[in-house]
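*Asks:* Chains as they are written, first to last, in the numbering used here: chain R, 31 to 145; chain Z, 680 to 796.
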Amino acid sequence: EAGVAQSPRYKIIEKRQSVAFWCNPISGHATLYWYQQILGQGPKLLIQFQNNGVVDDSQLPKDRFSAERLKGVDSTLKIQPAKLEDSAVYLCASSLYRGLNTEAFFGQGTRLTVV
Amino acid sequence: QQQVKQSPQSLIVQKGGIPIINCAYENTAFDYFPWYQQFPGKGPALLIAIRPDVSEKKEGRFTISFNKSAKQFSLHIMDSQPGDSATYFCAASTILNYGGSQGNLIFGKGTKLSVKP
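1) Would Z:Ala-703 pass as a contact of Z:Lys-684 if the rule is Cβ separation under 7 Å?
2) By a C-beta neighbour count over all protein chains shown, 10 Å radius and 16 as the cutoff for buried, is Z:Gly-739 buried or exposed?
3) Under 7 Å between C-beta atoms, does Z:Gly-787 make it to chain R?
4) Determine, for Z:Gly-722, whether the minimum Cβ-Cβ distance to residues of chain R falls below 7 Å.
5) Do three or more CB pairs link the stretch 77–93 of chain R to the stretch 57–69 of chain R at distances below 8 Å?
6) List, in chain order, every chain Z residue whose beta-carbon is nearer than 7 Å to that of R:Ser-125.
7) Cβ of R:Ser-124 within 7 Å of Cβ of R:Ile-56?
8) Residues of chain Z with a CB under 7 Å from the CB of R:Thr-143: which are they?
9) Flag this pair as yes or no: are the beta carbons of Z:Tyr-767 and Z:Leu-784 separated by less than 7 Å?
10) Assess contact between the stretch 109–118 of chain R and the stretch 37–55 of chain R, defined as three or more Cβ pairs (one per stretch) separated by less than 8 Å. Is contact present?
11) Along the stretch 751–773 of chain Z, what residues have a CB closer than 8 Å to any CB found in chain R?
12) Cβ of Z:Lys-721 within 7 Å of Cβ of Z:Pro-796?
13) Nearest-angstrom Cα distance between Z:Phe-718 and R:Glu-133?
14) In chain Z, which residues lie less than 9 Å from R:Gly-58 when you measure between Cβ atoms?
15) Over what stretch of residues does the beta strand (DSSP E) that includes R:Val-49 continue unbroken?
16) Among R:Gly-139, R:Ala-118, R:Val-119 and R:Gly-70, which one has its Cα closest to the Cα of Z:Ser-689?
17) Could you have a look at Z:Pro-761 and say whether DSSP puts it in helix, strand or coil?
18) Using DSSP's beta-bridge definition, name the partner residues of R:Ser-57.
19) Assuming contact is defined by CB atoms lying nearer than 7 Å, are R:Gly-137 and R:Val-34 in contact in what I supplied?
20) Find the residues of chain Z that neighbour R:Pro-91, judging by a C-beta separation of less than 9 Å, and give them in chain order.
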């Protein structure tokens, strides 16, 4: 079974530039998550999708972050404009569905450095 | 109330030792408590998880102990090996219907474990 695929693996941008990350979840997984992991900390949820609908984006900084999941499969997370404090690893995760089978499978992440 | 507090921040043990990592939570709505293992450059991977209706769960060398009244849970690694050197995260979530937050994992800050040969 293929895992969660993310690209790019690394990205370096200057502050105020924009950046986009891509995620392809495990086939058949209805729920998709984006997490932000700052160095030395645990992952923090940014947004959760159920199929192609947003079910929780309460912790997404909506003035600069946006995410979409077209057709309920792939997802993109965008930051515009980036700030220095956005430097982190952005992890995508997917699970079969919400609730009873909550095991989330994580991708390797995209390491973003904002300079 | 959404926090999960994890300790210690780092831990060094000798091969064969039994490292113990502790976590505490406040939100009594949490009903799913997984532990994730993360190697450098990799995403977290589920190690073992427990529901609050049991006090202990063992899978191989990994054991979760759960104390519902104290709102604490811990991970024990028996006969630890150098290959267990990684960062371990506890987490908590709700799997019963709890509105938009259902399934969202709240992570602790992590424990960096080093197992010396």
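Beta carbons: idealized from backbone N, C-alpha and C, even for Gly. Since the model is a prediction, treat every value here as computed from it, not as a measurement.
*Replies:* Working from what's here:
1) The Cβ-Cβ distance between Z:Ala-703 and Z:Lys-684 falls below 7 Å.
2) Counting Cβ neighbours within 10 Å, Z:Gly-739 comes out exposed, since fewer than 16 surround it.
3) So, interface residue.
4) For Z:Gly-722, the nearest CB of chain R lies under 7 Å from its own CB, placing it at the interface with that chain.
5) Contact holds: three or more Cβ-Cβ distances are below 8 Å.
6) Those within 7 Å of R:Ser-125 in chain Z are Gly-782.
7) Cβ atoms of R:Ser-124 and R:Ile-56: closer than 7 Å.
8) Near R:Thr-143 there are no residues of chain Z at all, since even the closest Cβ is about 14 Å away, more than 7 Å.
9) No.
10) Yes, they touch.
11) So the list reads Phe-768, Ala-770 and Ser-772, given in the order they occur along the chain.
12) Not a contact, by the Cβ cut-off of 7 Å.
13) Cα-Cα distance, rounded: 18 Å.
14) Those do not exist, as R:Gly-58 stays about 16 Å from chain Z at its closest Cβ, beyond 9 Å.
15) Annotation: the continuous beta strand (DSSP E) that includes R:Val-49 extends over 49–54.
16) Of the listed residues, the one whose Cα sits closest to Z:Ser-689 is R:Gly-70.
17) Z:Pro-761: helix per DSSP, three-state reduction.
18) None; R:Ser-57 has no bridge partner.
19) Cβ distance < 7 Å, so R:Gly-137 and R:Val-34 count as in contact.
20) Simply none; closest approach about 17 Å.
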